[in-house]
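S.K.:
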């Protein structure tokens, strides 16, 4: 009889959890350059300053990234890749529906400094 009581006690709790859907989801997406080509080996980070949750991943050869088991919260997403300007946006994880983001990086600006020395030939 005790085993039967334990099973009935356990099953309702499991049923309620299954209906709630959990408290985490995922964030995934693709990182592209201005022409629409994929950006491989880009660093993608999500961060929540309140909870301290912080994860980083690298884009694959198809420019794709994925974070799984991300707790419900708002996140600051940052992307960096060689030759491109840093990118940032906020992403909300509020339900079990996965968050999907497509990111278009801009080419990093470069600057050149030219120093001109003027010599006076009269001396």
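Numbering (our numbering), first residue to last: 76 to 198.
Where is the CB? At the ideal position from N, CA and C, for every residue including glycine.
Quick caveat: nothing in here was measured; it's all calculated off a predicted structure.
1. Please return the same chain residues whose Cβ sits closer than 6 angstroms to the Cβ of residue 155, not counting the five positions on each side in sequence.
2. For residue 104, name the three-state secondary structure that DSSP assigns.
3. According to the Cβ coordinates, are residue 102 and residue 133 closer than 8 angstroms?
4. In angstroms, rounded to a whole number, what distance separates the CA positions of residue 146 and residue 107?
5. Mind checking which residues open and close the beta strand (DSSP E) that includes residue 150?
6. Helix, strand or coil for residue 181, going by three-state DSSP, please let me know.
7. What three-state label does DSSP hand residue 172 in the structure shown?
8. Can you find the residues in the same chain that come closer than 8 angstroms, C-beta to C-beta, to residue 136, ignoring five residues on each side of it along the sequence?
9. Using a Cβ-Cβ distance under 8 angstroms, would residue 126 count as near chain D?
10. Check whether the Cβ atoms of residue 158 and residue 175 lie closer than 8 angstroms to each other.
M.R.: Taking the structure as given:
1. The sequence position of residue 155 within the chain shown is 80, counting from 1. 118 and 161, listed in sequence order.
2. Numbered from its first residue, the chain shown carries residue 104 at position 29. In the structure shown, residue 104 sits in a strand (DSSP, three-state: E or B).
3. Working through the chain shown from its first residue, we reach residue 102 at position 27. Working through the chain shown from its first residue, we reach residue 133 at position 58. No, the pair does not count as a contact, with Cβ atoms beyond the cut-off.
4. Here residue 146 is taken as the residue at index 71 of the chain shown, counted from 1. Here residue 107 is taken as the residue at index 32 of the chain shown, counted from 1. Near 26 angstroms, if we compare the C-alpha coordinates of residue 107 and residue 146.
5. Position 75 of the chain shown, counted from the start, is the residue given in the question as residue 150. Here the beta strand (DSSP E) through residue 150 covers 148 to 155.
6. Along the chain shown, one-based indexing puts residue 181 at 106. Looking at residue 181 - three-state DSSP - the assignment turns out to be coil, as it is neither helix nor strand.
7. Within the chain shown, residue 172 is the residue found at index 97, counting from 1. Note: residue 172 maps to coil in three-state DSSP.
8. The sequence position of residue 136 within the chain shown is 61, counting from 1. Correct list, in chain order: 113 and 115.
9. Chain labels in this structure do not include chain D; a single protein chain is all it has.
10. As a first step, residue 158 must be located in the chain shown, where it is residue number 83. As a first step, residue 175 must be located in the chain shown, where it is residue number 100. Cβ atoms of residue 158 and residue 175: not closer than 8 angstroms.
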